[in-house]
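In numbering that gives the first Met the number 0, the protein residues as written are 0 to 284.
Below you'll find the structure, written out as structure tokens, and then a few comments.
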Amino acid sequence: MSREFRQIGVVGLGVQGAGVAEVFARAGLAVVGVEVDNDGVGRGRGLVEHSTERAVAGGKLTEDERTELLGRISYTTDIADVSECDIVIEAVTEQLELKAAVFAELDRVTRPETILASNTSSLSVTEIGVHTGRPERVVGTHFFNPAPVLKLVEVVRTVVTEPDVITDVTALIERVGKTALVIGDRAGFISNSLLFSYLNHAVMMFEQRYATREDLDAAMRYGCGYPMGPLALLDLIGLDIASEILDTMYKQSRDRMHAPAPLLKQMITAGLLGRKSGRGFYTYE
Ligand code: CAA
Numbered sequence: 000m001s002r003e004f005r006q007i008g009v010v011g012l013g014v015q016g017a018g019v020a021e022v023f024a025r026a027g028l029a030v031v032g033v034e035v036d037n038d039g040v041g042r043g044r045g046l047v048e049h050s051t052e053r054a055v056a057g058g059k060l061t062e063d064e065r066t067e068l069l070g071r072i073s074y075t076t077d078i079a080d081v082s083e084c085d086i087v088i089e090a091v092t093e094q095l096e097l098k099a100a101v102f103a104e105l106d107r108v109t110r111p112e113t114i115l116a117s118n119t120s121s122l123s124v125t126e127i128g129v130h131t132g133r134p135e136r137v138v139g140t141h142f143f144n145p146a147p148v149l150k151l152v153e154v155v156r157t158v159v160t161e162p163d164v165i166t167d168v169t170a171l172i173e174r175v176g177k178t179a180l181v182i183g184d185r186a187g188f189i190s191n192s193l194l195f196s197y198l199n200h201a202v203m204m205f206e207q208r209y210a211t212r213e214d215l216d217a218a219m220r221y222g223c224g225y226p227m228g229p230l231a232l233l234d235l236i237g238l239d240i241a242s243e244i245l246d247t248m249y250k251q252s253r254d255r256m257h258a259p260a261p262l263l264k265q266m267i268t269a270g271l272l273g274r275k276s277g278r279g280f281y282t283y284e
């Protein structure tokens, strides 16, 4: 018999976590969003409010639906408040030690049958799962930014994930209107492995002054129909996150296409992280 999912926990309410919380609340599920402090809660709440405002402006949601959606998310700074959740999705910073600590804590505060999922984009779900007493109920659920808009979720199974956990998580993802792809645990999974070679290559072309940022972006938008050019997309993702993803993939694959372009590191050191810092390849208000 398949599991029932009534309440969803989301740990970490940055851009991704807030987007994931919105996706589940929009589908009618109760969500408990966890942050480390009140500032984090305020930021997370603000992200959901802003995103749903855009959804209303774009005709994707009515004002009443938005009010109901917002009412389904409760916020807390106490991780133990996810104790009644049927699945908890972790979306904290991409650092193995931090994710491992969060999973160990989730293992302690949730019921043994609760599924623990990571939104990691490049770290090993297997390595994260071994920090719990239930690695067979640990999966990856990798959403894409912006989560409320993009359809794909990569559902990552490890060598020990139980098949019924994958079946139930896939059904949950489809229930909230997303497309699930079940894949094995390899750095970058499918999408990031392909996407980040391309983004990195664009940085190298820019670094070599082969083309301007505008021309690089225009080529891919107008020539290939991509919604954004590579440098604008890097600004959206965040250069620090992109660099971490490339580093992790390079360590595992040793594929030169994944060796972060030196310019990426220099920009990060100079504080140019993309949209979130106001400046990356482009400047934002
Ligand atoms: N819920 C539902 N729909 C929403 C919404 C919400 N909260 N907020 C906005 N929308 C809708 C809008 O109504 C609009 O719909 P229509 O196109 O039907 O009018 C659509 O989403 C786009 O929104 P906007 O008009 O506000 O913005 P835009 O047209 O400039 O598109 C974009 C912005 C969605 C980011 C688009 O440019 C895009 O898809 N870019 C590519 C993003 C991408 O590749 N992301 C992957 C990054 S890699 C990653 O995430 C993996 C990782 O691990 C880092």
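Backbone N, C-alpha and C fix where the C-beta goes; we use that ideal spot for every residue, glycine too.
So residue i and residue j are supposed to be a Cβ contact under 8 Å. How far apart are they, rounded?
i: Asp-106; j: Gly-132; result: 6 Å
i: Gly-11; j: Val-91; result: 4 Å
i: Val-87; j: Gly-8; result: 4 Å
i: Val-124; j: Asp-184; result: 5 Å
i: Leu-198; j: Leu-233; result: 6 Å
i: Pro-226; j: Asp-216; result: Not a contact, Cβ separation roughly 11 Å.
i: Glu-153; j: Ser-190; result: 6 Å
i: Asp-93; j: Ser-121; result: According to the sequence as given, residue 93 is Glu; it is not Asp. Correct: roughly 7 Å between the Cβ atoms.
i: Ser-45; j: Glu-34; result: Here residue 45 is Gly; the residue named in the question, Ser, does not match the sequence. Contact doesn't hold; Cβ gap of about 12 Å is too wide.
Considering residue i, what are the terminal residues of the beta strand (DSSP E) in which it resides?
i: Ile-88; result: 86-89
i: Gln-6; result: 6-10
Could you spell out where the alpha helix (DSSP H) holding residue i opens and where it closes?
i: His-286; result: Lying before the first or after the last residue shown, residue 286 is absent from the chain, which here runs from 0 to 284.
i: Gly-45; result: 37-56
i: Gly-277; result: It is not in any alpha helix (DSSP H) - Gly-277 carries neither H nor E in the DSSP assignment.
i: Ala-20; result: 14-25
i: Ala-241; result: 238-252
i: Ser-117; result: From DSSP, Ser-117 is part of no alpha helix (DSSP H) but of the beta strand (DSSP E) over 114-117.
i: Val-154; result: Premise fails: Val-154 lies in the beta strand (DSSP E), 151-156, not in any alpha helix (DSSP H).
i: Lys-264; result: 261-268
i: Glu-206; result: 190-206
i: Arg-212; result: 212-223
i: Val-124; result: 124-128
i: Arg-65; result: 62-70
Counting C-beta neighbours from all protein chains within 10 Å, is the total for residue i 16 or more, i.e. buried, or is it exposed?
i: Tyr-221; result: exposed
i: Thr-76; result: exposed
i: Lys-177; result: buried
i: Thr-169; result: buried
i: Lys-98; result: buried
i: Cys-84; result: buried
i: Thr-247; result: buried
i: Gln-15; result: buried
i: Val-158; result: exposed
i: Pro-261; result: exposed
i: Val-55; result: exposed
i: Glu-206; result: exposed
i: Leu-271; result: buried
i: Ala-146; result: buried
i: Asp-63; result: exposed
i: Pro-111; result: exposed
i: Asp-36; result: exposed
i: Gly-13; result: buried
Can you name the residues that DSSP bridges to residue i?
i: Thr-109; result: Answer is none; Thr-109 lacks a bridge partner.
i: Gly-176; result: Partner(s): none; Gly-176 has no beta bridge.
i: Ala-29; result: Gln-6
i: Thr-76; result: DSSP, once it has assigned bridges, lists no residue as partnering Thr-76.
i: Gly-183; result: Arg-156
Can you tell me which of the options puts its alpha carbon nearest to the alpha carbon of residue i?
i: Val-108; options: Ala-79, Asp-246, Leu-97, Gln-15; result: Ala-79
i: Gly-279; options: Cys-223, Ala-217, Arg-212, Ile-244; result: Arg-212
i: Arg-274; options: Ile-267, Tyr-283, Thr-268, Met-266; result: Tyr-283
i: Arg-5; options: Arg-174, Ala-241, Gly-187; result: Arg-174
i: Arg-156; options: Leu-149, His-141, Lys-150; result: His-141
i: Thr-113; options: Ala-269, Thr-268, Gly-270, Arg-2; result: Arg-2
i: Val-181; options: Val-129, Ile-165, Ala-54, Ser-73; result: Ile-165
i: Asp-310; options: Ala-186, Leu-149, Arg-110; result: The shown model of the chain, from 0 to 284, leaves out residue 310, and the question about it has no answer.
i: Gly-18; options: Glu-48, Met-0, Asp-36, Gly-41; result: Glu-48
i: Thr-51; options: Ser-73, Ala-24, Ala-116, His-200; result: Ala-24
i: Lys-264; options: Glu-243, Asp-214, Arg-53, Val-33; result: Glu-243
i: Gly-58; options: Ser-196, Val-148, Leu-193; result: Val-148
i: Ser-82; options: Gly-32, Cys-223, Gly-277, Tyr-209; result: Gly-32
i: Tyr-281; options: Lys-250, Leu-245, Asp-214, Tyr-249; result: Asp-214
i: Val-202; options: Ser-73, Met-256, Gly-41; result: Met-256
i: His-130; options: Ala-231, Thr-119, Glu-104, Gly-45; result: Glu-104
i: Leu-235; options: Asn-144, Ala-258, Met-219; result: Asn-144
Does the beta carbon of residue i fall short of 6 Å from some heavy atom of the ligand COA?
i: Arg-110; result: Absence of the ligand COA is noted for the structure shown, with the ligand CAA being the only ligands found.
Is there at least one Cβ from chain B nearer than 7 Å to residue i's Cβ?
i: Glu-243; result: No chain B is part of this structure, which consists of one protein chain only.
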